[in-house]
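What follows is one structure encoded as structure tokens, with my remarks underneath.
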Amino acid sequence: MICVADLDLDSIKISGGSAGRLKMVRTNSNSGRYARAERLQDKERDYQIAADATIKAALLRQALEQSAEDFSVVPADLRKKIFERPTRNLIVFVVDSSDSMGDDTTHARIRAAKGVVLAALDKAYTKRHQVAMVVFRDESAQVALQPTSSLNLAEKCLKQLPTGGTTPFADGLIKAWQLIKTQRIKDRHVRPLLVILSDGEANVPYDAGRNPDEVKDELLQICRRIGADQIGSLVIDTRPLREPSPAMREISEALSGSYHHISSLKAQGVLQKIINF
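Counting in this note's numbering, the sequence shown runs from 67 upward without gaps.
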């Protein structure tokens, strides 16, 4: 049995430190990297001629026809440029820093959560991911770190993370969702991943008019909406292994994400999932 307090996550390292190659995605605009050429579609208007591919197509056609005529290009020879641009991977950490994350007097859970994020940040940087962080405590959540690829800025933000107060879990998820929506407006090809670290002890409703006993139902409703928005998620349970959180499993299922206990980080498997998503 492994307890969260036994983990030394600040020392975790991931094998393979070289920078990753950016994934590319086709773009419908005439900008980006010229990747290849394709035939024109019927009545197509908005395109850039791929001169190299067009000339090759014309030469091949004349060779197959064994034509003795001077070089010429006919409409069937025309080729257009296909452009690609790199996808931007965005990891949004949603971190619970409420009182319950430090209720063992040693603040082992919040230290473990920080260790997870720091270990992931180090390798996310080499993979050219952007990272952001939403922290929830007291009565509301805040975006502690806007999307950035600056490792130093992210580490500084995390080390200054405030703790204490109640657990506005729903507001944390809403703030993270809003952040992702904003990034999608800027770049519709962005690939988001939510990484949620909490003990699942939500006790503050998003809708102030709700009764305290409705907090869990409201939270699961929000999770289902986020999951339906094609946002990947990893839910990391920070409770001690001897008494894991049933709520975190329910949250994972509502998000259509994957549940992990923080003790599994000892084998580095979850960190690999974060880095290689």
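Just so it is clear, CB atoms sit at the ideal spot from N, CA and C, and this is done for glycine as well. Quick caveat: nothing in here was measured; it's all calculated off a predicted structure.
Can you pull the DSSP bridge partners for residue i?
i    : result
E104 : K146
T214 : V197
D162 : F202
P258 : L156
A207 : F202
R127 : None; R127 has no bridge partner.
R250 : None, per the DSSP bridge assignment.
R99  : E150
Helix, strand or coil, according to DSSP, for residue i in the structure here?
i    : result
P234 : coil
H307 : In the sequence as displayed, the identity of residue 307 is Leu instead of His. Residue state, collapsed to three classes: coil.
Q132 : coil
A117 : helix
S299 : strand
S264 : strand
R151 : strand
R291 : helix
S322 : coil
H327 : strand
D273 : coil
L227 : coil
E316 : helix
V139 : coil
Residue j and residue i - do their beta-carbons sit closer together than 8 Å?
i    : j    : result
G231 : D165 : yes
K247 : A207 : no
S163 : L219 : no
A198 : L245 : yes
E205 : V270 : yes
E135 : R99  : no
L307 : S329 : yes
R127 : D108 : no
I121 : K146 : no
S216 : R194 : no
T233 : A268 : yes
L224 : V158 : no
H327 : L300 : no
A294 : Y272 : no
Kindly indicate which residue of the options has the alpha-carbon position closest to the one of residue i.
i    : options                   : result
V160 : N277, I340, K225 and L260 : L260
G275 : E267, E284 and A268       : E284
P213 : Q249, V140, G181 and K146 : Q249
I302 : I292, I148 and L321       : L321
P258 : K109, R291 and N155       : N155
Q287 : E319, I262, S299 and L300 : E319
D112 : V139, I148, L130 and D273 : I148
I262 : C223, N277, V139 and I292 : I292
I317 : R290, V158 and T233       : R290
A117 : S299, E110 and V139       : V139
V256 : G298, V183 and V200       : G298
W243 : V200, N277, D279 and P312 : V200
How would you call residue i, buried or exposed, if buried means at least 16 neighbouring beta carbons within 10 angstroms?
i    : result
Q296 : exposed
F202 : buried
G266 : buried
D253 : exposed
F137 : exposed
A101 : exposed
S264 : buried
A119 : buried
Q196 : buried
S133 : exposed
A103 : buried
K222 : exposed
L211 : buried
A123 : buried
A129 : exposed
Would you please verify whether the beta carbon of residue i is less than 8 Å from any beta carbon of chain B?
i    : result
I292 : Absent from the structure: chain B. Only one protein chain is present.
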